[in-house]
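Data first, discussion second: the structure below is written as structure tokens.
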Amino acid sequence: MINKFIDFIKIYCKSGNGGSGLIHFRREKFIHKGGPDGGDGGKGGNVIIKGNNQLYTISHLKYKKHNIAENGKNGGINRITGSNGKDCIIEVPIGTLIKDEYKNIIMEILNHNEKKILLYGGKGGKGNWHFKNAICQAPFYSEKGKIVKEFCFFLELKILADVGIIGFPNSGKSTLISIITSSKPKISNYPFTTLNPNIGILNYKKFKKLVIADIPGIIKGASKGKGLGFKFIKHIQRNRIILIMISCEEKNYIKEYNIILNELNYFDPNILKKKRLLLISKSDYLDNELKYEIIKKLKKNEKYIFISSFSKEGLDELINYLCNII
Ligand SMILES: Nc1nc2c(ncn2[C@@H]2O[C@H](COP(=O)(O)OP(=O)(O)OP(=O)(O)O)[C@@H](O)[C@H]2O)c(=O)[nH]1
Ligand SMILES: [Mg+2]
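Going by full-length UniProt numbering, the sequence shown opens with residue 1, and the numbers climb by one from there.
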């Protein structure tokens, strides 16, 4: 399967050079020695990063790695200033970090339509009319436009979803997101059906919108690279609520739950400081007695909900819980 989800990419950027000032002298019938009138060069275009909330991956940049803004035009006669170069706009999903060649973060895009200038275009040079003075009435020189340098940058996406769903493979994460949002991820009865994060938007009472991310399953030893490893866990670093999903088919819920907490802690202890909710999925398999057995084993202050994407049990409670917090 071709992996279309890209969350890390290197791009080459160059803003436009400034246009050069012109050396020119006014020539008109009956006007003798009209004086210098060479115009200024235009400014080079900027390279701009712009947030777009319709994008959820940076894979569109895979085939557009060279991002070059237009150069400013040279000055014209009659003191006409050359036109400015067009900006090069790079659209990125919300939550994209821009890093320099040494991987230091230089900026971050957090809002839709937010624009930040990554590279400024070069200044245009002055035309020769600027250099006319009492001593030199006919300057034969003008300023060159500023030549700008090129740089490489790294773009890294850390999805800015409100809610992240994490759990073992096959626990029903994608099924849940397909029921409560309009997203249509692949669902199947085998582990690692989901190989890339899926994003769904939950519309709540027409005025609230929640972005939910379904993160590919993690397994014991993910910290040592097992399964898909930690490839996608970075995407829950910026979620406000973490939903940890354990299927009721698991034999030892508490052990499984602790495995997930340990793996998350290994990756970034701050994740465990976030609000989290335990979802015990596929509750259509359980009767009250079995549910009671599970509850007995949970810690006293552990917040949990039994959910079933098939019988819809607990879904309203889950949606209310999420919307009340966010
Ligand atoms: N009985 C029952 N089965 C469910 C429920 N939710 C999901 N399933 C089934 O569980 C299987 C796995 O579901 P997925 O949604 O693909 O699981 P996942 O957690 O996304 O799995 P990965 O993508 O592999 O990590 C599918 O066969 C679903 O039909 C549920 O509420 N009740
Ligand atoms: Mg899945």
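Just so it is clear, CB atoms sit at the ideal spot from N, CA and C, and this is done for glycine as well.
As the structure is a computational prediction, the values presented were derived from the model and not from experiment.
Cβ shell of residue i (< 7 Å), same chain only, five flanking positions each side left out
i	result
residue 161	199, 211, 212, 213 and 239
residue 252	none
residue 208	323
residue 182	200 and 201
residue 23	38, 128, 140, 141 and 142
residue 268	237
Residues near residue i by beta carbon distance below 6 Å, same chain, minus five either side
i	result
residue 96	109, 155 and 157
residue 314	305, 306 and 307
residue 9	58, 61 and 155
residue 5	57 and 196
residue 64	none
residue 94	51, 53 and 160
Cβ-heavy atom distance, residue i to ligand 1, below 7 Å
i	result
residue 53	no
residue 197	no
residue 167	yes
residue 217	yes
residue 188	yes
residue 182	no
residue 281	yes
Inter-residue Cα distance where the pair is residue i and residue j
i	j	result
residue 2	residue 311	Caution is warranted here: a pLDDT of 44 is assigned to residue 2, below 50, making its placement in the model unreliable, and the coordinate value is therefore given only provisionally. Approximately 34 Å between the Cα atoms of the pair.
residue 237	residue 126	50 Å
residue 177	residue 76	60 Å
residue 290	residue 308	15 Å
residue 46	residue 16	7 Å
residue 235	residue 56	11 Å
residue 62	residue 185	23 Å
residue 134	residue 79	19 Å
residue 123	residue 147	8 Å
residue 130	residue 150	30 Å
residue 279	residue 295	12 Å
residue 319	residue 43	52 Å
residue 223	residue 232	12 Å
residue 259	residue 168	10 Å
Contact test: residue i Cβ vs ligand 2 heavy atom, cutoff 7 Å
i	result
residue 309	no
residue 194	yes
residue 173	yes
residue 185	yes
residue 287	no
residue 87	no
residue 284	no
residue 214	yes
Helix, strand or coil at residue i according to DSSP, with G and I counted as helix
i	result
residue 140	coil
residue 209	strand
residue 310	coil
residue 60	helix
residue 175	helix
residue 36	strand
residue 55	coil
residue 267	helix
residue 66	strand
residue 77	coil
residue 17	coil
residue 131	helix
residue 2	With a pLDDT of only 44 at residue 2, under 50, the local geometry of the prediction cannot be trusted, and the value read off the model is given with reservation. If DSSP states are grouped into helix, strand and coil, residue 2 belongs with coil.
residue 284	helix
residue 204	strand
Residues of its chain near residue i, where Cβ-Cβ distance is below 8 Å and the 5 sequence neighbours each way are ignored
i	result
residue 332	In the structure displayed, the chain extends from 1 to 326; residue 332 sits before or after that span and is not available.
residue 249	282 and 285
residue 325	240, 241 and 275
residue 105	97, 98 and 99
residue 152	10, 11, 12, 13 and 101
Taking contact to mean 3 or more Cβ pairs, one atom from each stretch, closer than 8 Å, check whether the stretch 132-143 and the stretch 183-195 are in contact. Not touching, per the Cβ criterion.
Check whether the stretch 54-73 and the stretch 85-104 touch, using three or more Cβ-Cβ pairs below 8 Å as the test. yes
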